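Enquirer: Starting off with a structure, shown below.
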Amino acid sequence: MKKSPIIAAAIAATIAGSTFAADTTIYGNIRLEVVNQTDLNMDSSKLVVGFKSSEDMGNGMTGFMHMELEHDDANEEVSGWTNDKAYVGLKGDFGQVTLGRQADAAGFACGGTDIFTKVSGQACGAGAINGGLDNALVYTGGTGNVTFVLGATLDGTQDQAGDNTIIAAKYAADNFSVGFQMTSFDIVRGGESQSVIGGTYTINEMQIGATLANDGNESATAIALKMPLAGGSFRIGMDTGEDAGVADTTHVQFTKSLSKSVYTGVEFASVDGADDDMLAGWIGMKF
């Protein structure tokens, strides 16, 4: 994950102060993990705290803000606090406009395969940022079963230098969905543009997902299956595409809710070329 720009966090905090008395939601997620890969680690943990607020501005328009802070220990992706989200927005009959640090639209194409807790989204990451857009101006609109997104990062970041742009769209109806995202970089990241396309198909309670990504030179693919099992959710999938920097990876995961707020799960991931397979277990609580 990348550090959120101070300016986006400041804007979101300012709007939060003015709208906190309106429709405000505070949420969070605390998770304690045990991970066995090369050696056993019992200190892996995650804490997420988020704030959402909105206010009716009249004339069919609503102003809103969203800030999400995440803390990982040193065994996770980063150490310390990061701003996963820090943006303000306005929505109405025209659609929705947001400004700040926010997610891209890669989920349109990867929502059926980027579904694992610990090791996930490798193929999607080859063809999309698949994460936060810093200093981003994003428009979301649509009609009927179609949703589309236009976005630009203003000034970029260390990893997203320049005024980069994204174009994305998704069609969803009944038990089928398909979507794509194309990202164009001012500074070439392996190619002039990256793209990802994918979708899901649901049969009863079983969902099948597929994703094809291109980093501008090579391709990567992912497939995954999600279905209910023993009162929980069973997931299995595979990512391939070594030429696109994606090692062959097999995932197996089972999660189960113990109550309305408490959940638990286990995940196994075998990554081609890694010294050891990964086995992780966790218990967490959402509020």
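Heads up, the sequence shown is in our numbering, so the first residue is 1 and it goes up one at a time. Quick reminder that beta carbons are idealized off the backbone N, C-alpha and C, glycines included. Fair warning: this is a prediction, and the values are worked out from it, not measured in the lab.
(1) So does the region 195-208 actually touch the region 91-100, counting three or more Cβ pairs closer than 8 Å?
(2) Below 8 Å, can you find three or more Cβ-Cβ pairs linking the region 132-140 to the region 170-178?
(3) Between residue 252 and residue 268, is the Cβ-Cβ spacing less than 8 Å?
(4) Which full runs of the beta strand (DSSP E) of 3+ residues lie inside the region 113-201, going along the chain?
(5) Start and end of the beta strand (DSSP E) containing residue 220?
(6) Under 6 Å Cβ to Cβ from residue 273, same chain only, skipping five residues before and after it: list those, please.
(7) Check whether the Cβ atoms of residue 124 and residue 103 lie closer than 8 Å to each other.
(8) Grouping DSSP H, G and I as helix and E and B as strand, with all else coil, what is residue 55?
(9) Between residue 229 and residue 208, which are expected to be in contact by the criterion C-beta below 8 Å, what is the C-beta distance as a whole number of angstroms?
(10) Would you tell me roughly how many angstroms separate the C-alpha atoms of residue 151 and residue 87, rounded to the nearest one?
(11) Could you tell me which of 72, 235, 143 sits nearest to residue 31, measuring between CA atoms?
(12) With respect to the alpha helix (DSSP H) encompassing residue 109, which residues constitute its N-terminal and C-terminal limits?
(13) Three-state secondary structure (DSSP) at residue 93?
(14) CB residue 237 to CB residue 113, shorter than 8 Å?
(15) If you reduce the DSSP assignment to three classes, tell me which class residue 205 lands in.
(16) Apart from the five residues just before and just after residue 239, which ones in its own chain have a Cβ nearer than 6 Å to its Cβ?
(17) Taking the alpha carbon of residue 194 as the point to measure from, which residue in 227, 143, 129, 139 has its own alpha carbon closest?
(18) What does residue 88 pair with, by DSSP beta-bridge criteria?
(19) On the criterion of 16 or more Cβ atoms from any shown chain inside 10 Å, does residue 293 qualify as buried, or is it exposed?
(20) Would you say residue 101 and residue 118 are within 8 Å of each other, going by their C-beta atoms?
(21) Does DSSP put residue 243 in a helix, in a strand, or in coil?
(22) For residue 260, count neighbouring C-beta atoms within 10 Å of its own C-beta (all shown protein chains included) and say buried if the count is 16 or more, exposed if not.
(23) Assign residue 275 to one of three DSSP states: helix, strand, or coil.
(24) Please report how far the alpha carbon of residue 149 lies from the alpha carbon of residue 115, in whole angstroms.
Expert: In short, the structure shows the following:
(1) no
(2) Because the criterion of three Cβ pairs below 8 Å is not met, the region 132-140 and the region 170-178 do not touch.
(3) Reading the sequence shown from its first residue, position 252 is the one you call residue 252. Reading the sequence shown from its first residue, position 268 is the one you call residue 268. Their beta carbons are under 8 Å apart, which means residue 252 touches residue 268 by this criterion.
(4) 132-143, 146-153, 165-173, 176-184
(5) Here residue 220 corresponds to residue number 220 of the sequence shown, with the count starting at 1. Residue 220 -> beta strand (DSSP E) spans 219-229.
(6) By one-based count along the sequence shown, residue 273 stands at place 273. Only 247 meet the Cβ criterion.
(7) Working through the sequence shown from its first residue, we reach residue 124 at position 124. Working through the sequence shown from its first residue, we reach residue 103 at position 103. Contact: no.
(8) Within the sequence shown, numbered from 1, the residue matching residue 55 stands at position 55. In the three-state reduction of the DSSP assignment, residue 55 falls in the strand class, which pools E and B.
(9) Translated into the one-based positions of the sequence shown, residue 229 becomes position 229. Translated into the one-based positions of the sequence shown, residue 208 becomes position 208. At roughly 15 Å, the Cβ-Cβ gap does not stay under 8 Å, so residue 229 and residue 208 are not in contact.
(10) Here residue 151 is taken as the residue at index 151 of the sequence shown, counted from 1. Here residue 87 is taken as the residue at index 87 of the sequence shown, counted from 1. Cα to Cα, the separation comes out at about 14 Å.
(11) Position 31 of the sequence shown, counted from the start, is the residue given in the question as residue 31. Among 72, 235, 143, the Cα nearest to that of residue 31 belongs to 72.
(12) Taking the sequence shown and counting its residues from 1, one reaches residue 109 at position 109. That run of the alpha helix (DSSP H) goes 107-110.
(13) Residue 93 sits at position 93 when you count from the first residue of the sequence shown. The three-state reading of DSSP puts residue 93 in coil, since its state is none of H, G, I, E or B.
(14) If you number the sequence shown from 1, residue 237 lands on position 237. If you number the sequence shown from 1, residue 113 lands on position 113. Their beta carbons are under 8 Å apart, which means residue 237 touches residue 113 by this criterion.
(15) Taking the first residue of the sequence shown as position 1, residue 205 is located at position 205. Note: residue 205 maps to coil in three-state DSSP.
(16) In the sequence shown, the residue the question calls residue 239 occupies position 239. Same-chain partners within the cutoff: 122, 123, 222, 246, 249.
(17) Residue mapping note: residue 194 aligns to position 194 of the sequence shown, counting from 1. For residue 194, the nearest C-alpha among the options comes from 129.
(18) Reading the sequence shown from its first residue, position 88 is the one you call residue 88. Bridge partners of residue 88: 65, 99.
(19) Outside the shown range of the chain (1 to 287) lies residue 293, about which nothing can therefore be said.
(20) Your numbering for residue 101 matches position 101 in the sequence shown. Your numbering for residue 118 matches position 118 in the sequence shown. Their beta carbons are not under 8 Å apart, which means residue 101 does not touch residue 118 by this criterion.
(21) Here residue 243 refers to the residue found at position 243 when the sequence shown is read from its first residue. Of the three classes helix, strand and coil, the one that applies to residue 243 here is helix, per DSSP.
(22) Along the sequence shown, one-based indexing puts residue 260 at 260. When all chains shown are included, residue 260 counts as exposed.
(23) If you number the sequence shown from 1, residue 275 lands on position 275. Three-state DSSP puts residue 275 in coil, outside helix and strand.
(24) Taking the first residue of the sequence shown as position 1, residue 149 is located at position 149. Taking the first residue of the sequence shown as position 1, residue 115 is located at position 115. For residue 149 and residue 115, the distance between alpha carbons rounds to 22 Å.
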